[in-house]
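*Asks:*
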Amino acid sequence: MSFLPGGPARQIAYFVPDAIEAATRHSALFGSGPYYVAEHIPLVTCLYYGEPSHFDHTSAYGQWGEVMVEFVQQNSTERSCFTDLYPDGKQGMHHVALIVDDLAASMRGFEEAGHPAALYAEVQPGAGFAMMDFVKELGHFIELYEPTEALLGVYDLVRSASIGWDGSDLIRKFGF
60 MSFLPGGPAR QIAYFVPDAI EAATRHSALF GSGPYYVAEH IPLVTCLYYG EPSHFDHTSA
120 YGQWGEVMVE FVQQNSTERS CFTDLYPDGK QGMHHVALIV DDLAASMRGF EEAGHPAALY
180 AEVQPGAGFA MMDFVKELGH FIELYEPTEA LLGVYDLVRS ASIGWDGSDL IRKFGF
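Here the sequence shown stands for residues 60 to 235, numbered as in this note's numbering.
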């Protein structure tokens, strides 16, 4: 297999039934946090293996050492790359995220290497992300997105809040 674009993993994400509960439990076990929770994240575009779909989800984002950790909760019942990997209320590690310079070109490269986009979504026009299917090889998905100002702002917010954090105010609401 040829080299696929993408830097080091910037985030590890878990699919869970309750994002706030999972974040609270992870913080108690590993000291991660604080967590920024976005509920019912709106998507202007959502494609499941290239077909129009709907994906209503809530995510909790926190810092865990050098990497961001995300807990994803699906609020809708539609089939998704999350419920494909973890059906019937199961939970577990779902994806690692990579920041790439060119999302469309990176998606093409991954697809040509046999890893289709299970999910392509945009939170606003032009601000997309993709879940590339690596389940057969790695047991999880690879999320790709470009280093937009908004995305890097979220990473900076989460990392900055973790520096010197005293464990108080664990759950903080925010929106996209």
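We put the beta carbon where it would ideally sit given N, CA and C, even for glycine.
Given this structure, state the Cα-to-Cα distance separating residue 156 from residue 226, to the nearest angstrom.
*Replies:* The residue you call residue 156 lines up with position 97 of the sequence shown. The residue you call residue 226 lines up with position 167 of the sequence shown. The straight-line gap from Cα to Cα measures roughly 26 Å.
*Asks:* Do residue 188 and residue 203 have their C-beta atoms within less than 8 Å of each other?
*Replies:* Numbered from its first residue, the sequence shown carries residue 188 at position 129. Numbered from its first residue, the sequence shown carries residue 203 at position 144. Result yes, Cβ atoms of residue 188 and residue 203 sit closer than 8 Å.
*Asks:* Counting only the same chain and skipping the five closest in sequence on each side, list residues whose C-beta sits under 7 Å from that of residue 108.
*Replies:* Residue mapping note: residue 108 aligns to position 49 of the sequence shown, counting from 1. Closer than 7 Å at Cβ, skipping near neighbours: 175 and 177.
*Asks:* If you drop the 5 nearest sequence neighbours on each side, which residues of the same chain put their C-beta closer than 8 Å to that of residue 239?
*Replies:* Residue coverage of the chain in this structure runs from 60 to 235, which leaves residue 239 outside it and unanswerable.
*Asks:* Could you tell me which whole beta strand (DSSP E) segments of length 3 or greater appear in the stretch 142–171?
*Replies:* 151–158
*Asks:* Which of the three DSSP states is assigned to residue 117 in this structure?
*Replies:* Against the sequence shown, residue 117 aligns to sequence position 58. Here residue 117 sits in strand by DSSP.
*Asks:* What span of residues does the alpha helix (DSSP H) with residue 80 cover, start to end?
*Replies:* Here residue 80 refers to the residue found at position 21 of the sequence shown. In the DSSP assignment, residue 80 falls within the alpha helix (DSSP H) that extends over 78–89.
*Asks:* Could you check the C-alpha separation between residue 38 and residue 195 for me, to the nearest Å?
*Replies:* No information on residue 38 is available, as it lies outside the stretch 60 to 235 that the chain covers here.
*Asks:* Distance check for residue 218 and residue 113, CA to CA, integer angstroms please.
*Replies:* As a working note, residue 113 is residue 54 in the sequence shown. As a working note, residue 218 is residue 159 in the sequence shown. Spanning the two alpha carbons is a distance of roughly 30 Å.
*Asks:* Which residues bound the beta strand (DSSP E) around residue 217?
*Replies:* The residue given as residue 217 occupies position 158 in the sequence shown. First-last for residue 217: 208–221, but that is the alpha helix (DSSP H), not the beta strand (DSSP E).
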